[in-house]
Amino acid sequence: MVIYIKTTVPSEFRPRDGYAYYNERKRKSLRRVLAEMALLSHVFTKAIEWSVIEENPCREIRKERPKPRRRYVSEVEYAAAYKAMRPMVQCAMDLAVLTGLRPGDLLALTRANLNDDGIEVATSKTGKRLLIEWSEALRSVVKRALAHAPQVRAGWTAFRESLALTGYRDVPAPKYAEDIADATDE
């Protein structure tokens, strides 16, 4: 079926072809096939935009929804990951637990967010201003974080993207990933 999709002219692709692909691939992974179908649908949307076809055949395909994930990180896994991280990442993990902030909001924190009452932040999802009042634990974590030298936050992402752009695909996993795997096997 994959070969068929690669060799089919977009105007000849029908919903039945999409169903055949969907049914074949969902046996292996429902989440993966949903992502693939979303990509295929986007390709057809672009083809409509470029006047190659008139309608998107993927829109007619009914897809089942995956069950929500219910697995949470165990205390043992969290402790193993925490132990393997650099001190600044440990501070970020502590801040995440203490504040409940989303990762993007957490990474966007600066000294300007700190005031006498606590940590004030405008959440990225709603834009709502939020004040997280100081607790002894929160003050301690912020003090530890401020003791470390400032770090460039986008470096690893930019590094990975530049490797991908140059065709280098096998970006090695960080060393601490092995440490976490070893610690959780014990």
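Sequential numbering of the sequence shown, starting at 23, is according to our numbering.
Beta carbons are placed, not taken as given, at the ideal position from N, Cα and C, and that holds for glycine.
N- and C-terminal bounds of the alpha helix (DSSP H) containing residue i
i	result
E34	Looking at the DSSP string, E34 is not in any alpha helix (DSSP H), and its letter there is neither H nor E.
R53	L52 to E71
A167	E158 to A169
E232	With the chain represented from 23 up to 208, any question about residue 232 goes unanswered, as that position is not in the structure.
Nearest neighbour of residue i, chosen from the options [CA to CA]
i	options	result
V74	E34, A118, P90 and Y41	E34
T148	E86, D127 and R92	D127
L123	A101, K150, M107 and P109	K150
P32	S146, E46, H64 and N137	H64
R166	E71, V111, Y41 and K85	V111
D139	L129, T145 and L152	L152
P125	R87, P37 and S146	S146
L120	H170, E76, I141 and A42	I141
P37	R49, L62, N137 and A57	L62
A169	W72, A60, L56 and C113	C113
A60	A42, R49 and K85	K85
P88	A57, A159, M107 and N137	A57
C-alpha distance - residue i paired with residue j, whole-angstrom precision
i	j	result
A186	S157	In this predicted model, A186 has a pLDDT of only 44, less than 50, meaning its place in the structure is not dependable; the value taken from the coordinates is given anyway. Approximately 43 Å between the Cα atoms of the pair.
N78	T29	18 Å
I154	Y100	23 Å
F66	C80	8 Å
M115	V164	12 Å
R91	R53	11 Å
R161	R133	13 Å
Y44	Y94	29 Å
L129	A118	10 Å
E76	V55	24 Å
E82	K105	49 Å
S96	A171	31 Å
N137	A159	16 Å
A70	V98	The sequence given here has Ile at residue 70, not Ala. About 51 Å.
A102	R108	12 Å
S51	D39	18 Å
Y41	R47	10 Å
L131	A144	10 Å
Enclosing beta strand (DSSP E) for residue i [first to last residue]
i	result
A144	G140 to A144
L136	Looking at the DSSP string, L136 is not in any beta strand (DSSP E), and its letter there is neither H nor E.
L123	Counting along the chain, L123 falls outside any beta strand (DSSP E), and DSSP gives it neither H nor E.
Residue i CB to nearest heavy atom of the ligand PLP below 7 Å
i	result
A134	As presented, the structure is devoid of all ligands, the ligand PLP included, so that no description of it is given.
Paired residues, beta bridge with residue i - DSSP
i	result
I154	I141
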